[in-house]
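Accompanying notes for the structure given below.
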């Protein structure tokens, strides 16, 4: 089993056949020191693994820059952003001569069509990663809006004793006092991550545990 798919990998525990499918169809790319893999604000076509070398992430928050060095092999890059439909939050720059393994969006879709049993498990891992990511790395406005949406949905679910909340997206935007376009964007992200489902005039909570984590984790941070 390739070390890409160890216990810390979002694909941990896949079969040898599934692993070979990714390795045969994925692509390698070599980067020279200082070469940029992707930039902050860029929407990614898939996600990456560091096969050799290291990638330096530079993220700017307010007036401060934060530098994170992901060392050597087997670190995964970009999969939370890709699955959440969010732009990259940092510049990814080769620290030294580096080889990257790329799983494209098209390959990812083919993989999950062929091996659907891995999708739900990986989605749970990604959701947990995303909750942490949202609390620490998204811009304050996005974090605040996600928190307000999750809190409002949780409050209404508790009051009505049901996960099926009779509330349109427009009504939700009005209740929390946010532009409907911004609320719609965040709901699409939450739906893609399996947290909720929107259906006509209802919003259905699909993952109560993670909604609880978003509300009480964010409130306590």
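Residue numbers (UniProt numbering): 1 to 221.
Even for Gly, the Cβ is constructed at its ideal location relative to N, Cα and C.
Whole-angstrom distance between residue j and residue i, CA atom to CA atom
i	j	result
residue 122	residue 73	21 angstroms
residue 20	residue 2	9 angstroms
residue 56	residue 50	11 angstroms
residue 207	residue 52	37 angstroms
residue 77	residue 43	13 angstroms
residue 159	residue 33	56 angstroms
residue 178	residue 16	48 angstroms
residue 25	residue 173	43 angstroms
residue 81	residue 100	17 angstroms
residue 94	residue 58	11 angstroms
Own chain, CB closer than 8 angstroms to residue i, minus 5 neighbours either side, in chain order
i	result
residue 118	11, 14, 18, 111 and 112
residue 163	157, 204, 205, 206 and 208
Coarse secondary structure for residue i, derived from DSSP in three states
i	result
residue 192	helix
residue 35	coil
residue 29	strand
residue 156	helix
residue 13	coil
residue 203	strand
residue 18	helix
Residues near residue i by beta carbon distance below 6 angstroms, same chain, minus five either side
i	result
residue 138	Legend: pLDDT at residue 138 = 43, less than 50; position of this residue unreliable, value from coordinates given subsequently. Counting only Cβ-Cβ distances below 6 angstroms, and skipping sequence neighbours, we find nothing.
residue 219	Any reading at residue 219 is ruled out, since the residue's pLDDT is 38, under 50, leaving its predicted position unreliable.
Proximity below 8 angstroms, CB of residue i to CB of residue j
i	j	result
residue 79	residue 115	no
residue 92	residue 28	no
residue 183	residue 169	yes
residue 211	residue 187	no
residue 89	residue 40	yes
residue 154	residue 203	no
residue 171	residue 104	no
residue 176	residue 199	no
residue 54	residue 96	yes
residue 145	residue 98	no
Cβ-based neighbour list, residue i, same chain, cut-off 7 angstroms, excluding 5 preceding and 5 following
i	result
residue 156	165 and 167
residue 23	2
CB contact check: residue i to chain B, cutoff 8 angstroms
i	result
residue 155	The chain inventory of the structure shown lacks chain B, comprising one protein chain alone.
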